[in-house]
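Asks:
In the numbering used here, the protein residues as written are 81 to 439.
Quick look at the structure:
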């Protein structure tokens, strides 16, 4: 296990600065997820950590070792990629022990390690099979096992579930969480999928344009987003955010710092009749579209504030019908002119809105 530190890390490609002066610490033994849209710099950060890319500026530490000039093989890491990269002519056992054989690890020790790791990832019965006889999930387990036999200080996983179907991704998410709990090793995981980030990580780092937007536990990011980007990136559907002028005449007592107001789709209510609930905003709305997903329904509605998404677990309303949307004052998220949630801004705005808003 090892703590990882990035100190003032930047990376430039052909004068394009894709990672911009990042400083952060990844805790020893944590399952940390780097998440963000395509081009945000997350994979570049991972490649710099692995030693496949050299940072333009800054220092990278793994434990107490400065690794700036160390080759990937000297960094005591193991990496699992999106593509399994298995040797098709080798058995599962041969793929897992390939690196050990190259390092001239004695046969008895190799067999012990392979047997131990195969048991952990559920491959014991498949050791003599070739990759073409395995399912996608089993192949990914082989890739994991091949990394695990090295017993590294750090596991690096670059979108390892992207090639799997939805059902298998869900299964493998659970298996990776359990694997991390068994090993206790530092995991650094890259994904663009917020569901993977929220469900797997004990800490997530949200990136955009090479800059860290927020670093916190998943539930903290959801409940207390640091800025509008984090608020809209985490959560499905994303948070509804409007300029304060859209709420003119609806919310009184908003401090000048609150330039934007947001709320999550699942925090609003929707019904066919007026509810007249105290300390809420009630908006007569029109249903533009809806997605019925069984246990829940996602609505796109239009009202005097604008077009917004509502997530409801009640029986679905008909499309194109009139409806009433209610938003509790206490569930409003204010943001400043720079689109960040300033210190102390959230509670003061919610309190003022609840006291002075229209009942």
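Even glycine gets a Cβ: it sits at the ideal position worked out from N, Cα and C.
1. For residue 264 and residue 380, I'd like the C-alpha separation in whole angstroms.
2. Is the segment 283-302 touching the segment 115-122 in the sense that three or more CB pairs, one from each, lie closer than 8 Å?
3. Only counting runs of 3 or more residues, tell me where the beta strand (DSSP E) segments fall wholly within the segment 83-156, in order along the chain.
4. Would you list the one or two residues that DSSP bridges to residue 320?
5. Answer with buried or exposed for residue 315, where buried requires no fewer than 16 other C-beta atoms within 10 angstroms of its C-beta.
6. For residue 171, which residues in the same chain have their Cβ closer than 7 Å to its Cβ, ignoring the five residues on either side in sequence?
7. Look at residue 152 and residue 131 and say whether their C-beta atoms are less than 8 Å apart.
8. Whose C-alpha, out of 161, 415, 126, 105, is nearest the C-alpha of residue 309?
9. Given a threshold of 16 other Cβ atoms within 10 Å of its Cβ, counted over all protein chains shown, does residue 352 qualify as buried or as exposed?
10. What are the boundary residues of the alpha helix (DSSP H) that residue 256 is part of?
11. Rounding to the nearest angstrom, what Cα-Cα distance links residue 372 and residue 223 in this structure?
12. Which one of 277, 283, 409 has the shortest CA to CA distance from residue 104?
13. Do residue 236 and residue 157 have their C-beta atoms within less than 8 Å of each other?
14. Could you pull out every residue in the same chain whose Cβ sits closer than 6 Å to the Cβ of residue 305, ignoring the five residues on either side in sequence?
15. Is residue 438 helix, strand or coil by DSSP?
16. Could you pull the start and end residues of the beta strand (DSSP E) that residue 288 belongs to?
17. For residue 427, name the three-state secondary structure that DSSP assigns.
18. Give me, in chain order, the residues of the same chain whose beta-carbon lies closer than 7 Å to that of residue 385; leave out the 5 immediate sequence neighbours on both sides.
19. Under a three-way DSSP split, which group does residue 183 fall into?
20. Below 8 Å, how does it come out for the segment 190-205 and the segment 225-233: are there three or more Cβ pairs, yes or no?
21. Just verifying my parser: in three-state terms, what is the DSSP assignment at residue 365?
22. Report the rounded CA-to-CA distance for residue 393 versus residue 378, giving the unit in angstroms.
23. Strictly by DSSP, which residues pair up with residue 391?
24. Which residue's Cα is closest to the Cα of residue 349: 407, 419, 337, 186?
25. Report back the beta-carbon spacing between residue 98 and residue 124 to the nearest angstrom; my notes put them in contact at under 8 Å.
26. Taking the DSSP output, what are the residues bridged to residue 307?
27. Is residue 275 buried or exposed, if buried means 16 or more other CB atoms sit within 10 Å of its CB?
Replies: The relevant details are as follows:
1. Start at 1 with the first residue of the chain shown, and residue 264 comes out as number 184. Start at 1 with the first residue of the chain shown, and residue 380 comes out as number 300. Whole-angstrom Cα-Cα distance: 43 Å.
2. yes
3. 84-93, 96-106, 111-115, 137-142
4. By one-based count along the chain shown, residue 320 stands at place 240. 343, per the DSSP bridge assignment.
5. Looking up residue 315 in the chain shown gives position 235. When all chains shown are included, residue 315 counts as buried.
6. Indexing the chain shown from 1 puts residue 171 at position 91. So the list reads 207, 208, 209, 210, once near-sequence residues are dropped.
7. For the purposes of this step, residue 152 is taken as the residue at position 72 of the chain shown. For the purposes of this step, residue 131 is taken as the residue at position 51 of the chain shown. Yes. Within cutoff.
8. Translated into the one-based positions of the chain shown, residue 309 becomes position 229. For the residues 161, 415, 126, 105, the minimum Cα distance to residue 309 belongs to 415.
9. On the chain shown, position 272 is the one that residue 352 refers to. The residue in question, residue 352, is exposed, as its Cβ has fewer than 16 Cβ neighbours within 10 Å.
10. Translated into the one-based positions of the chain shown, residue 256 becomes position 176. That run of the alpha helix (DSSP H) goes 246-263.
11. The sequence position of residue 372 within the chain shown is 292, counting from 1. The sequence position of residue 223 within the chain shown is 143, counting from 1. Whole-angstrom Cα-Cα distance: 38 Å.
12. Translated into the one-based positions of the chain shown, residue 104 becomes position 24. Of the candidates 277, 283, 409, the one whose C-alpha sits nearest the C-alpha of residue 104 is 283.
13. For the purposes of this step, residue 236 is identified with residue 156 of the chain shown, where counting begins at 1. For the purposes of this step, residue 157 is identified with residue 77 of the chain shown, where counting begins at 1. Yes, they are a contact pair.
14. In the chain shown, the residue the question calls residue 305 occupies position 225. Around residue 305: 311.
15. Locating residue 438 in the chain shown gives position 358, where the first residue counts as 1. Residue confidence for residue 438 is low, a pLDDT of 43 falling below 50, so the modelled location carries little weight and cannot support an answer.
16. The residue labelled residue 288 in the question sits at position 208 within the chain shown. First-last of the beta strand (DSSP E) with residue 288: 283-288.
17. If you number the chain shown from 1, residue 427 lands on position 347. Low local confidence applies: a pLDDT of 46 at residue 427 is under 50, so the model's placement there is unreliable, with the coordinate-based value given in what follows. Three-state DSSP puts residue 427 in a helix.
18. The count along the chain shown starts at 1 and reaches residue 385 at position 305. Only 322, 326, 327, 363 meet the Cβ criterion.
19. Mapped onto the chain shown, residue 183 falls at position 103. Correct three-state label for residue 183: coil.
20. yes
21. Position 285 of the chain shown, counting from 1, holds the residue named residue 365. Residue 365: strand per DSSP, three-state reduction.
22. Against the chain shown, residue 393 aligns to sequence position 313. Against the chain shown, residue 378 aligns to sequence position 298. If you take the alpha carbons of residue 393 and residue 378, they lie about 9 Å apart.
23. For the purposes of this step, residue 391 is identified with residue 311 of the chain shown, where counting begins at 1. DSSP output for residue 391 lists 378 as bridge partner(s).
24. Walking along the chain shown from the start, residue 349 turns up at place 269. Of the listed residues, the one whose Cα sits closest to residue 349 is 407.
25. Sequence index remark: in the chain shown, residue 98 carries index 18 (1-based). Sequence index remark: in the chain shown, residue 124 carries index 44 (1-based). So it is a contact: roughly 6 Å between Cβ atoms.
26. As a working note, residue 307 is residue 227 in the chain shown. Note: residue 307 sits in a beta bridge opposite 420.
27. The residue given as residue 275 occupies position 195 in the chain shown. That one is exposed.
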